[in-house]
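K.L.:
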Amino acid sequence: MARARLLVAYDGSAFHGFAPNEGVETVAGTLVAVIGRVVRRPVELTGAGRTDAGVHGWGQVVSLDLPEGTDLDDLARRVNKMAGPRVVIRRAEWTDEEFDARFSARWRHYRYHVLLTPQPDPFRAATTWHVGRPLDVSNMQLACDPLIGEHDFSSFCRRPKPGPGVTPPSMMRRVILARWSEPEPDLLRFEIRANAFCHQMVRSIVGLLVDVGLGRRRAGEVNGVLHAHDRQAAGQVAPPHGLVLWEVGYGDT
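If you want this note's numbering, it's the 1-based position in the sequence shown plus 1242.
Below you can see the structure in the form of structure tokens.
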């Protein structure tokens, strides 16, 4: 057996998230089933990010062990034929046996798209949040500043419920980049890069920043929300379909 590294893209619309979940269709579950058919043996895989139901992936990274001698180019072609276009292997390569898609990652980079056109766009409905109103992008960018650095993001995360006697996981995360841009008229793009993300963190941040853009909240409130350590302080959670895991960084990228 040898360790393989896959770069995977998927449309998350019809999946119940990335991670395997018995009884429902997930991205990882689909990959495990299809790759297992190709190599004719059970496989287990690890993903760099556990994206939620409805969230898309363009730069998801997967690691798994496969029989030595597996033709990875042929594997990718066959998987893409069976699982595509919903799930596609963009690149497949052999890697060091110590490589782990999740624990070897240094950062994750997400994008979120907001559509401002007065009418919904049926061709973008699955990949954008249609707000349908102008937003104050300068205030939204100003509101990003308090997010940069290492903070407790409890206000923006859906806190897991550990069992009795289990210490709750830390919500400390280090944000490296957070910015808004307008790649084309009536389309806004939010980008955020961090060492890791907790559950619903990006969508909660986007929801608050859109409220700032709509004038419902002030940019100066973001710092207070961050330090409140209270999920209710952040407000609305942006819908999942505007979010995409864009890239994962390792020591070689």
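Backbone N, C-alpha and C fix where the C-beta goes; we use that ideal spot for every residue, glycine too.
Predicted model only: the values in this text are computed from it and were never measured.
Taking just the CA atoms, how far does residue 1357 sit from residue 1447?
P.N.:
17 Å
K.L.:
Hey, quick one: how far does the beta strand (DSSP E) through residue 1476 stretch, first residue to last?
P.N.:
Per DSSP, residue 1476 belongs to no beta strand (DSSP E); it is in the alpha helix (DSSP H), 1473-1476.
K.L.:
Output the boundary residues of the beta strand (DSSP E) element that contains residue 1378.
P.N.:
No beta strand (DSSP E) holds residue 1378; DSSP gives it neither H nor E.
K.L.:
Tell me which same chain residues have a C-beta within less than 6 Å of the C-beta of residue 1452, skipping the five on either side of it?
P.N.:
Cβ neighbours of residue 1452 beyond the five flanking positions: none.
K.L.:
Take the Cβ of residue 1294 as the centre, count every other Cβ of all protein chains shown within 10 Å, and call the residue buried at 16 or more, exposed below.
P.N.:
buried
K.L.:
Between 1483, 1351, 1266, which lies nearest to residue 1434 when the distance is taken from Cα to Cα?
P.N.:
1351
K.L.:
Would you tell me roughly how many angstroms separate the C-alpha atoms of residue 1268 and residue 1254, rounded to the nearest one?
P.N.:
9 Å
K.L.:
Are residue 1490 and residue 1422 touching if we call contact CB-CB under 8 Å?
P.N.:
no
K.L.:
Give me the Cα-Cα distance between residue 1244 and residue 1290, rounded to the nearest whole angstrom.
P.N.:
19 Å
K.L.:
Mind checking which residues open and close the alpha helix (DSSP H) that includes residue 1277?
P.N.:
1269-1281
K.L.:
Helix, strand or coil for residue 1412? Go by DSSP, reduced to three states.
P.N.:
coil
K.L.:
Span of the alpha helix (DSSP H) holding residue 1447?
P.N.:
1443-1455
K.L.:
Taking 8 Å as the threshold, find out whether the segment 1277-1284 comes into contact with the segment 1310-1323 through three or more Cβ pairs.
P.N.:
yes
K.L.:
Classify residue 1358 as helix, strand or coil using the three-state DSSP reduction.
P.N.:
coil
K.L.:
If you reduce the DSSP assignment to three classes, tell me which class residue 1486 lands in.
P.N.:
strand
K.L.:
Looking only at its chain, what residues have a beta carbon closer than 6 Å to the beta carbon of residue 1474, apart from the 5 residues adjacent to it on each side?
P.N.:
none
K.L.:
DSSP three-state call for residue 1398: helix, strand or coil?
P.N.:
helix
K.L.:
Just how far apart, CA to CA, sit residue 1340 and residue 1389?
P.N.:
33 Å
K.L.:
Identify which residue in 1484, 1324, 1486, 1312 has its Cα closest to the Cα of residue 1522.
P.N.:
Residue 1522 falls outside the range modelled here, since the chain spans only 1243 to 1495, and no answer is possible.
K.L.:
Report the partner residues of residue 1420 according to the DSSP bridge assignment.
P.N.:
1434
K.L.:
Please report the straight-line C-alpha distance between residue 1440 and residue 1399, rounded to a whole angstrom.
P.N.:
6 Å
K.L.:
What beta strand (DSSP E) runs, 3 residues minimum, are completely inside the segment 1303-1342?
P.N.:
1329-1336
K.L.:
Please state whether DSSP places residue 1469 in a helix, a strand or coil.
P.N.:
helix
K.L.:
Using 8 Å as the threshold, is the segment 1369-1384 in touch with the segment 1454-1467, meaning 3 or more CB pairs across them?
P.N.:
yes
K.L.:
Residue range of the beta strand (DSSP E) that residue 1289 falls in?
P.N.:
1287-1289
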